[in-house]
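Protein sequences, first through last, are from chains A and B. Heads up: the first sequence is residues 168 to 629, going by the numbering used here. Heads up: the second sequence is residues 7 to 271, going by the numbering used here. Think of the CB as a built atom: it goes at the ideal place given N, C-alpha and C, for glycine as much as any other residue. If you're wondering where the values come from, they're calculated on a predicted model, not measured in any experiment. Beneath this line is the structure, given in structure tokens, with notes to follow.
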Amino acid sequence: MTTPDRIVITVASPTPNVLRVVFAALLTSIVGMCLYVLIVALVHVSSGSINNNSETFYPPADFSDGKRYVKICSRGYDLPVLGPLVTAETALISWMPVYPALQCAIHQSAGVSLVFAGTYVSTLATGITLFFGSLTLWNLGRRSRVPYILAVLVQPIGALWLYVPGAESTYLAVGMVTLWLITLPPFADTARGRLLEIIRIAVSALIGVLLMLTKPNALALLIPITFAFFYLSWRRSQTAGYGFGLWAFVADVVIEHIRPLLAFFQRLRGQSFVLEERSIVYDWAPVATIAGILLGLAYWLVYTSWLSGIPFYFLQQQLFAWRRAWPTGNLGEAFLYFVQAFRGATRQTPWRVGAAYYLAANVSALIPAASSRVPTLIRGMLLLLPIFLLLSGAVNGDDRYTISTSIVVIGWACWLAPTKPRPFTVGLRLVFMSGLAWLTSYFVLFHLFAIYALGATSVVDR
Amino acid sequence: MQRDQLNRLMRFLIAFILAGAAILVVMAARPPARRIGIYTAEFGKPQPILGLWDEPAAFLTITHPMLLSLPPSWKLTDTICMVMQVTRGTAPTTTEFTDFQPQAQWDVKALDALVMDYDGIRSRAVDGSALKIDNPTVGAAVTAFTDYQVHWFGDPPILLLKDQTFGGLLCYHYYFNVNQLDLFHLPFSYLLSFQVRNVLLDSWPAYYFRYNAPSDASYPPQTFTLQRDTLDHYLSQLAIEAPFAVKKLTKAQIDQLGTEVPARK
Numbered sequence: 168m169t170t171p172d173r174i175v176i177t178v179a180s181p182t183p184n185v186l187r188v189v190f191a192a193l194l195t196s197i198v199g200m201c202l203y204v205l206i207v208a209l210v211h212v213s214s215g216s217i218n219n220n221s222e223t224f225y226p227p228a229d230f231s232d233g234k235r236y237v238k239i240c241s242r243g244y245d246l247p248v249l250g251p252l253v254t255a256e257t258a259l260i261s262w263m264p265v266y267p268a269l270q271c272a273i274h275q276s277a278g279v280s281l282v283f284a285g286t287y288v289s290t291l292a293t294g295i296t297l298f299f300g301s302l303t304l305w306n307l308g309r310r311s312r313v314p315y316i317l318a319v320l321v322q323p324i325g326a327l328w329l330y331v332p333g334a335e336s337t338y339l340a341v342g343m344v345t346l347w348l349i350t351l352p353p354f355a356d357t358a359r360g361r362l363l364e365i366i367r368i369a370v371s372a373l374i375g376v377l378l379m380l381t382k383p384n385a386l387a388l389l390i391p392i393t394f395a396f397f398y399l400s401w402r403r404s405q406t407a408g409y410g411f412g413l414w415a416f417v418a419d420v421v422i423e424h425i426r427p428l429l430a431f432f433q434r435l436r437g438q439s440f441v442l443e444e445r446s447i448v449y450d451w452a453p454v455a456t457i458a459g460i461l462l463g464l465a466y467w468l469v470y471t472s473w474l475s476g477i478p479f480y481f482l483q484q485q486l487f488a489w490r491r492a493w494p495t496g497n498l499g500e501a502f503l504y505f506v507q508a509f510r511g512a513t514r515q516t517p518w519r520v521g522a523a524y525y526l527a528a529n530v531s532a533l534i535p536a537a538s539s540r541v542p543t544l545i546r547g548m549l550l551l552l553p554i555f556l557l558l559s560g561a562v563n564g565d566d567r568y569t570i571s572t573s574i575v576v577i578g579w580a581c582w583l584a585p586t587k588p589r590p591f592t593v594g595l596r597l598v599f600m601s602g603l604a605w606l607t608s609y610f611v612l613f614h615l616f617a618i619y620a621l622g623a624t625s626v627v628d629r
Numbered sequence: 007m008q009r010d011q012l013n014r015l016m017r018f019l020i021a022f023i024l025a026g027a028a029i030l031v032v033m034a035a036r037p038p039a040r041r042i043g044i045y046t047a048e049f050g051k052p053q054p055i056l057g058l059w060d061e062p063a064a065f066l067t068i069t070h071p072m073l074l075s076l077p078p079s080w081k082l083t084d085t086i087c088m089v090m091q092v093t094r095g096t097a098p099t100t101t102e103f104t105d106f107q108p109q110a111q112w113d114v115k116a117l118d119a120l121v122m123d124y125d126g127i128r129s130r131a132v133d134g135s136a137l138k139i140d141n142p143t144v145g146a147a148v149t150a151f152t153d154y155q156v157h158w159f160g161d162p163p164i165l166l167l168k169d170q171t172f173g174g175l176l177c178y179h180y181y182f183n184v185n186q187l188d189l190f191h192l193p194f195s196y197l198l199s200f201q202v203r204n205v206l207l208d209s210w211p212a213y214y215f216r217y218n219a220p221s222d223a224s225y226p227p228q229t230f231t232l233q234r235d236t237l238d239h240y241l242s243q244l245a246i247e248a249p250f251a252v253k254k255l256t257k258a259q260i261d262q263l264g265t266e267v268p269a270r271k
């Protein structure tokens, strides 16, 4: 029988097997970065034809978000020209700080021009995504040629948005680190194992802050990560002898934390207080991540409010400057919004491609949740992912946000990854996915930009 | 460390983080008021022109304000002149290509380049008179008819890079526009405020002046009471006290001007 101490030694001193996994992840990362650079080069070779101006070179930062990141790096955050209601106008505040900070760091330290620094950041982010994505798949038990599949997968799944320098790449990279930390197998229940657990939890909290500062879409992960906390704790408790279902476990966790309150009330009533002992083992890393995300949000609220002198300035920007497609929590309006996707083009109004695109993005995230090939943890998180969207109505840009969410990428990767050595079916899945991604890219680049120009993607009907 | 201790520690850690977040949210709900717009400036001391986060874009110093009587033969109205000196601060700028052409100055950081011109000079005179900068007209006359070389302020626009300072003379007057005629007027009180062109500003200095107005409490204590002087005396004084703005011409220069401008003789 293996003693706990021997397990710890195994974790601390990587065996050749662990080294092989890390090496494979590293290789995946390098392959992915090479692919990314190749796609960036291809896009820029064809940028003239995309923009109908073959005589002009369009640098990577030459798109609306890219210009703003360059401005943030060069000028810092500022506010719109002070009008009667500055919260109604978009400000640089709406673009989060991690991506421009990395651009600045590369620009200052290596002297890379700011119009190209974003490409370096996105390339690096792609590498980090693939490295930790591979390790996450390993954590989830997908251990057969998975890294190579992920390398092929992530580039096309990003379709258009990962080609360009944008915060989506850092959101995906930090999100992947988050998911890797969440899916790490539990450490041995020894003093050393618990120390490693504390380190993991502290790092999870820090990564949570960082994740929030890459994109506010990290808020959409709060509900899925809450599920991860209960699910992982439940599974760990089961190994310690807990014999009830998930819902009972959730109730037990709540009761455990209000135990002093219950005892107090019972004492007031002059009755004794006895609770049945349950073997609950917590996995604190997801909760630490949630706390980190909330801390990051609070920090950004303070920064923007103190910069502007307006209470909750960042939140007001998100709610008013970036209009919502339906009032918060109004699911009927949400339904009506998405129905627009099926309304044909008329002489007066173009096809509502925005509604169709956002609907497709969310449905595409849910497809892996329907597959038994995907681990229950990921399926549950995927199902809960769109809830924030439905509650908030913040549909703007949801296509790229959903696709650059680590849970979605891992969900698709699990759907693709072979559980048994059947190269033919894996090949078929790869062909299907790649075909879908390249077809999407083709439509977006060469057909949908023209429809975008008509304002058909606006959240408000025209 | 036992499992129970770890659980306690984690609960404390998470409560600590969430408490920190709650404190930050309370702070976000009550941000300090930003100082926006003009503030009363002091003469003779560097006054900051403040960008966002109160980061100074530039420091402005104004000295020697004076109402000047110009020689009648020039057929120009009286003018108010003062010596201005501006030093670059640190607030980042947004520079237009026409102000700063990177091809010509490729080794200079464009984001340091601060631009200041007449558009940034705003006036408020409650009697309805309007401000007019006299530098172009008075400048030509001073060059032609006096023995002084003057560094004029703001024409062409001032371009300041890191650690640079620019100093010069600014002259102006006020007028009423009645029936399409400009009538010279000297307001009994007015203020001048100064902004820079290419920085988003939080606040900027405003200088208060008065002339022929009784002293009372309605004016800020920093208000300057204008005195009248002759141009020649004023320039001779500046040649000593503000040599970066006014210099006495050399004899050779005076001789050259004498041949070029017959009216000097």
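Cutoff 7 Å; reference residue i; Cβ partners in own chain excluding five residues on either side
| i | result |
| --- | --- |
| aspartate 419 of chain A | Arg445, Ile447 |
| alanine 452 of chain A | Leu348, Ile349, Arg367, Ile368, Ser371 |
| alanine 25 of chain B | none |
Where residue i falls, given that 16 or more other Cβ within 10 Å makes a residue buried
| i | result |
| --- | --- |
| leucine 281 of chain A | buried |
| proline 227 of chain A | buried |
| glutamine 228 of chain B | exposed |
| threonine 471 of chain A | buried |
| glycine 264 of chain B | exposed |
| alanine 326 of chain A | Reliability fails at alanine 326 of chain A, whose pLDDT of 49 lies under 50, so the model's placement of it is uncertain and the value that follows must be treated cautiously. With 16 or more Cβ atoms within 10 Å of its Cβ, alanine 326 of chain A is classed as buried. |
| phenylalanine 354 of chain A | buried |
Sequence-distant residues of the same chain with beta carbon closer than 8 Å to residue i, five excluded per side
| i | result |
| --- | --- |
| methionine 119 of chain B | This sequence places alanine at residue 119 of chain B; methionine is not what is there. Same-chain partners within the cutoff: Thr99, Thr101, Asp105, Phe106, Leu165, Leu166, Leu167, Asn204. |
| proline 352 of chain A | Asn306 |
| threonine 495 of chain A | Leu558, Ser559, Gly560 |
C-beta contact flag for residue i and residue j at 8 Å
| i | j | result |
| --- | --- | --- |
| valine 376 of chain A | glycine 459 of chain A | yes |
| aspartate 123 of chain B | proline 71 of chain B | no |
| alanine 63 of chain B | leucine 198 of chain B | no |
| leucine 297 of chain A | serine 196 of chain A | yes |
| alanine 455 of chain A | threonine 381 of chain A | no |
| alanine 136 of chain B | asparagine 183 of chain B | yes |
| threonine 290 of chain A | tyrosine 203 of chain A | yes |
| threonine 569 of chain A | alanine 532 of chain A | yes |
| methionine 343 of chain A | isoleucine 295 of chain A | yes |
| leucine 386 of chain A | leucine 464 of chain A | yes |
| glutamine 483 of chain A | proline 383 of chain A | no |
Residue i at chain A interface by Cβ criterion, 8 Å
| i | result |
| --- | --- |
| alanine 119 of chain B | no |
| arginine 36 of chain B | yes |
| isoleucine 20 of chain B | yes |
| valine 267 of chain B | no |
| alanine 27 of chain B | yes |
| asparagine 13 of chain B | yes |
CB contact below 8 Å: residue i versus chain B
| i | result |
| --- | --- |
| phenylalanine 397 of chain A | no |
| threonine 170 of chain A | Unreliable placement is indicated for threonine 170 of chain A, whose pLDDT of 40 sits below 50; the coordinate value is still reported in the next sentence. Output row for threonine 170 of chain A: interface = no. |
| aspartate 229 of chain A | no |
| proline 383 of chain A | no |
| leucine 389 of chain A | no |
| alanine 415 of chain A | no |
| aspartate 419 of chain A | no |
| alanine 179 of chain A | Since pLDDT at alanine 179 of chain A reaches only 44, below the 50 mark, its modelled position is unreliable, and no value is offered. |
| glycine 499 of chain A | no |
Closest Cα partner of residue i within the set the options
| i | options | result |
| --- | --- | --- |
| glutamate 500 of chain A | A/Ala561, A/Asp232, A/Gly300 | A/Ala561 |
| leucine 74 of chain B | B/Ile86, B/Gln186, B/Gly264 | B/Ile86 |
| tyrosine 342 of chain B | B/Phe200, B/Gln262, B/Leu263 | Chain B is shown only over 7 to 271; residue 342 of chain B falls outside these bounds and no answer can be derived. |
| phenylalanine 283 of chain A | A/Gln270, A/Gly294, A/Leu461 | A/Gln270 |
| alanine 492 of chain A | A/Ile545, A/Pro535, A/Gly564 | A/Gly564 |
| serine 400 of chain A | A/Cys581, A/Leu552, A/Pro553, A/Leu544 | A/Leu544 |
| lysine 115 of chain B | A/Gly285, A/Arg242, A/Ile374 | A/Arg242 |
| methionine 90 of chain B | B/Leu232, B/Tyr217, B/Thr67, B/Pro78 | B/Thr67 |
| leucine 603 of chain A | A/Ala488, A/Ile425, A/Trp579 | A/Trp579 |
| aspartate 566 of chain A | A/Gly521, A/Tyr409, A/Gly278 | A/Gly521 |
| lysine 254 of chain B | B/Leu12, B/His157, B/Val202 | B/His157 |
| proline 150 of chain B | B/Ser79, B/Gly160, B/Leu24 | In the sequence under discussion, the amino acid at residue 150 of chain B is alanine, which differs from the proline named in the question. Cα-wise, what sits closest to alanine 150 of chain B is B/Ser79. |
| threonine 572 of chain A | A/Met200, A/Leu461, A/Ala191, A/Leu378 | A/Leu378 |
Same chain, Cβ closer than 6 Å to residue i, five either side skipped, listed in chain order
| i | result |
| --- | --- |
| valine 144 of chain B | Thr85, Cys177 |
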